[in-house]
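Below is one structure, written out as structure tokens, with a few remarks after it.
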Amino acid sequence: MLKEGNHDYFLWKRIKAGNAQAFQELYDRYADILFSFGMVYSRDRELVKDCIHDLIFDLYKYRKNLAENDNIRNYLFKSLKRKVLASGKKNLRLVYSENLTQETGNELHETDSDENEEQQDQLNQINQLIGQLPEKQREILNLKFQLEMPYHEIAEIMDISVESVRTSVYRSIKTIREQLEGKDIILFFVLMKGRTQLN
Amino acid sequence: MRDDRENIHAEDLLSDDHVLQKLKERKQGFGDKAGREELLAVDILDVLVERRAKITSQERSDLEARIQASIRGQRFSRVLTWSAVAAMFVLVLGVTWFFKTSNRSEIRQFAESVQVDQTTNTKLFLTQGESYEIGAQSSEITYSSDGHEVEVSSEGKSVVLPNSDSRFQQSDFERNYNMIVVPYGRRSRVLLPDSSVVWLNSGSKLTYPGHFEKNKREVVLEGEAMFEISHDAARPFTVLTKNLDVRVLGTVFCVTAYADEDVSSTVLVKGSVELSYESAIPGFKRKQKMVPGMKADLQAEDHQLKQYEVDPKDYTSWKDGYLSLKNATLESIAKRLSRYYNVPVKFENEDLKSERFSGYLDLKGSAREVIEIITEITGKEVVDDNGALLIREKQNPI
Numbered sequence: 001m002l003k004e005g006n007h008d009y010f011l012w013k014r015i016k017a018g019n020a021q022a023f024q025e026l027y028d029r030y031a032d033i034l035f036s037f038g039m040v041y042s043r044d045r046e047l048v049k050d051c052i053h054d055l056i057f058d059l060y061k062y063r064k065n066l067a068e069n070d071n072i073r074n075y076l077f078k079s080l081k082r083k084v085l086a087s088g089k090k091n092l093r094l095v096y097s098e099n100l101t102q103e104t105g106n107e108l109h110e111t112d113s114d115e116n117e118e119q120q121d122q123l124n125q126i127n128q129l130i131g132q133l134p135e136k137q138r139e140i141l142n143l144k145f146q147l148e149m150p151y152h153e154i155a156e157i158m159d160i161s162v163e164s165v166r167t168s169v170y171r172s173i174k175t176i177r178e179q180l181e182g183k184d185i186i187l188f189f190v191l192m193k194g195r196t197q198l199n
Numbered sequence: 200m201r202d203d204r205e206n207i208h209a210e211d212l213l214s215d216d217h218v219l220q221k222l223k224e225r226k227q228g229f230g231d232k233a234g235r236e237e238l239l240a241v242d243i244l245d246v247l248v249e250r251r252a253k254i255t256s257q258e259r260s261d262l263e264a265r266i267q268a269s270i271r272g273q274r275f276s277r278v279l280t281w282s283a284v285a286a287m288f289v290l291v292l293g294v295t296w297f298f299k300t301s302n303r304s305e306i307r308q309f310a311e312s313v314q315v316d317q318t319t320n321t322k323l324f325l326t327q328g329e330s331y332e333i334g335a336q337s338s339e340i341t342y343s344s345d346g347h348e349v350e351v352s353s354e355g356k357s358v359v360l361p362n363s364d365s366r367f368q369q370s371d372f373e374r375n376y377n378m379i380v381v382p383y384g385r386r387s388r389v390l391l392p393d394s395s396v397v398w399l400n401s402g403s404k405l406t407y408p409g410h411f412e413k414n415k416r417e418v419v420l421e422g423e424a425m426f427e428i429s430h431d432a433a434r435p436f437t438v439l440t441k442n443l444d445v446r447v448l449g450t451v452f453c454v455t456a457y458a459d460e461d462v463s464s465t466v467l468v469k470g471s472v473e474l475s476y477e478s479a480i481p482g483f484k485r486k487q488k489m490v491p492g493m494k495a496d497l498q499a500e501d502h503q504l505k506q507y508e509v510d511p512k513d514y515t516s517w518k519d520g521y522l523s524l525k526n527a528t529l530e531s532i533a534k535r536l537s538r539y540y541n542v543p544v545k546f547e548n549e550d551l552k553s554e555r556f557s558g559y560l561d562l563k564g565s566a567r568e569v570i571e572i573i574t575e576i577t578g579k580e581v582v583d584d585n586g587a588l589l590i591r592e593k594q595n596p597i
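First to last, the sequence lines map onto chains A and B.
All letters in the first sequence, in the order written, are residues 1 to 199 by the working numbering.
All letters in the second sequence, in the order written, are residues 200 to 597 by the working numbering.
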């Protein structure tokens, strides 16, 4: 079994050589995570897909000029982020209406049982509070917990130190916690009860 | 986990990767004895994980196909880019020759002389005058390189038809020409004997010889088509339309010249082409060269040719089954859709026509579905109106 790094190294070599299968492999490996990653920076699914298309197509077009690289993952994330942010600014697009439902920051799935209503409330509140965080902090939270990226990877993508990433995660959660506590202590007890019954 | 739980908060739990892992696995410490900070941490984690947007398997495979198509196209266009350089060079030599021959072209005479009845099916006319009807919405027509056989495929089926007969020589030109008529609502792709590819959009007619002559390749177009011309310096390729001729050696471009529109236009994707059109002084032709990424509109009335920069994709995307729009008026979108689907589109209110849109429209659905995508966003609605589609302001249900 090859280690991730080794595997990427050879994959990159084949991409540079223009091997069609290598592009297939790259897509199979990274399509899911790249899409979720791209969606951290845009709400437009079509735009993110366009950018992934351009990203891989550019790799093909400019493969001869690619530098030696044993961290494809990082390269892909950084380029995709740049592309999504750049094209997001360009102009308004027709967005299919089903995609517009995501506009409000992903409504969380409703649960049908009454017991869970309080719980749902809490989750919605947290979701809202995440939405209110400063952009950079929210980006870091999303990368850390949605995409389960390690600290050093987030640091590289955002061009900041690992320590800054840690601090940001800590601060964001603290903000969320403090605002929740400030809002409604009583709710908490009710909630606790609900939770206990559940378990 | 630590003992002094009182002073541990959610932020401490979530920023510690070991604890985070335990929280994810929901191991230990949960249930009755769960600390409230732990519960909160889990809630925050849940919300964040839930926020992740996932690509659907449909989207995933569509995107994969798109990327593959682009890479394949790139392989092809590399050859074309090279040939375009050669093309520019030879063009200069060919200009004087061009002057003499282009005016009264036999093929143009033939194309203008043939009247085809209104048809609902795509119709292919072969060298000896026999015709073949294609019932499917889109079809592919492939000529063998000697032009003696034609393969017609649609909906996964195909037939091979015999075409030109060596007994017919150039002098017998009427029987040497082939023609394809693509009515509204249909599309077709033709691979010519010289392996040039032509995508014909709805409502178009293309006339071409069953096999090309030794020194030139001429086709006559009415309607809209995208061309990918194979390189052959010895035989320049010319697309003749009513008012505008486009001459090339190897390139990708799109020509629009509908009989019911005053404007003929060309969009150049790759390579180099030269446009030739009647000047205000009868009998004198004017010429203009184009570079990739430009669109040229010819106003037949005043003999004015205007060139301006565009995104070629906006004009060629129909061949891949979608429309790419940039700041297009609803009127022009409706016109293109009504040709594509062969359904008249009407407006209740003239003001609606000038509203502008940008984006991609997938043409896989029905005309109505496609128009609904636009109207849903803008508070309009689309209703059936005696076989036509009527776009109007949304009426409140009573």
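Idealized CB from N, CA, C, for every residue including glycine.
Tell me where the beta strand (DSSP E) around residue i begins and ends.
i, result
"A17(A)", "Run containing A17(A): none; DSSP gives neither H nor E here."
"N377(B)", "376-381"
"K545(B)", "544-546"
"V389(B)", "386-390"
"N555(B)", "Reading off the sequence shown, one finds Arg at residue 555(B), where the question assumed Asn. R555(B) -> beta strand (DSSP E) spans 555-561."
For residue i, is the classification buried or exposed, using 16 other Cβ atoms within 10 angstroms of its Cβ as the cut-off for buried?
i, result
"T319(B)", "exposed"
"D8(A)", "buried"
"I480(B)", "exposed"
"D32(A)", "exposed"
"H109(A)", "Bear in mind that the predicted position of H109(A) carries a pLDDT of just 49, short of 50, making it unreliable; the figure below should be weighed with that in mind. Counting Cβ neighbours within 10 Å, H109(A) comes out exposed, since fewer than 16 surround it."
"K199(B)", "Since the first and last residues shown for chain B are 200 and 597, residue 199(B) lies out of range."
"R138(A)", "buried"
"L100(A)", "Residue placement at L100(A) is poorly supported in this model, since its pLDDT is 36, which falls under 50; the coordinates are not used for a value here."
"S565(B)", "exposed"
"N526(B)", "exposed"
"Q308(B)", "exposed"
"R73(A)", "buried"
"D28(A)", "exposed"
"N206(A)", "Absent from the model: residue 206(A). The displayed extent of chain A is 1 to 199, so no value can be given."
Cutting at 6 Å between CB atoms, please list the residues of its own chain near residue i, excluding the five before and the five after it.
i, result
"T515(B)", "M425, C453"
"Y539(B)", "S401"
"T321(B)", "I333, S338, V381, R385, S387"
"L212(B)", "V218, A240"
"V349(B)", "Y342, L360, N362"
"S168(A)", "Q137, I140"
"T455(B)", "E423, S464"
"Y457(B)", "G422"
"R271(B)", "none"
"T440(B)", "L420, A456, S463"
Note down, in chain order, each residue of its chain lying with its Cβ closer than 7 Å to the Cβ of residue i, except the 5 sequence neighbours on either side.
i, result
"D521(B)", "Sequence inspection shows Tyr at residue 521(B); the Asp mentioned does not correspond to that position. So the list reads Y559, L560, D561, L562, once near-sequence residues are dropped."
"R567(B)", "V581, L588"
"D277(A)", "Here chain A covers residues 1 to 199 and nothing more, so residue 277(A) does not appear."
"G346(B)", "N362, S363, P392, G409, H410"
"L94(A)", "Its pLDDT being 41, under 50, L94(A) is placed unreliably by the model, and the measurement read from it follows with that caveat. For L94(A), where only same-chain residues beyond five positions count, there are no Cβ hits under 7 Å."
"E477(B)", "N442, K484, H502"
"F324(B)", "S330, N377, M378"
Opposite residue i in the DSSP bridges: which residues?
i, result
"L34(A)", "Paired residue(s): none; L34(A) is not in a bridge."
"V583(B)", "Checking the sequence, you will find Asp at residue 583(B) rather than Val. Bridge partners of D583(B): L588(B)."
"L59(A)", "BP columns for L59(A) are empty, so no partner."
"L360(B)", "V349(B)"
"S463(B)", "L497(B)"
"V447(B)", "F436(B), V472(B)"
Between which two residues does the alpha helix (DSSP H) holding residue i run?
i, result
"R235(B)", "235-249"
"L405(B)", "That residue, L405(B), is in no alpha helix (DSSP H); its beta strand (DSSP E) goes 403-408."
"D216(B)", "216-224"
"R454(B)", "The amino acid occupying residue 454(B) in the given sequence is Val; Arg does not appear at that position. Looking at the DSSP string, V454(B) is not in any alpha helix (DSSP H); the run it does join, the beta strand (DSSP E), is 451-456."
"V40(A)", "Segment: none, V40(A) is in no alpha helix (DSSP H) and carries neither H nor E."
"E575(B)", "566-577"
"L66(A)", "L66(A) -> no alpha helix (DSSP H), and no H or E assigned at all."
Apart from the five residues just before and just after residue i, which ones in its own chain have a Cβ nearer than 8 Å to its Cβ?
i, result
"K579(B)", "L551, I573, I590, R591, E592, K593"
"I570(B)", "A533, L536, V544, V581, L588, I590"
"Q146(A)", "S36, V40"
"V472(B)", "V445, R446, V447, T450, F452, T465, K488, M489"
"A22(A)", "L11, R14, I15"
At a Cβ threshold of 9 Å, is residue i touching chain C?
i, result
"S269(B)", "Protein chains in the displayed structure are A and B, and chain C is not among them."
*Which parts of the segment 313-358 of chain B are runs of the beta strand (DSSP E), unbroken and 3 residues or longer, counting only runs that do not cross its ends?*
321-324, 330-333, 337-342, 348-353
*Quick one: which unbroken alpha helix (DSSP H) runs of 4-plus residues sit fully inside the segment 470-541 of chain B? Chain order, please.*
512-515, 529-540
*Can you list the alpha helix (DSSP H) stretches of 4 or more residues lying completely in the segment 124-150 of chain A, in chain order?*
135-141
*Starting from the N-terminal side, write out each stretch of the beta strand (DSSP E) that is 3 residues or longer and does not extend beyond the segment 392-444 of chain B.*
396-399, 403-408, 416-427, 436-439
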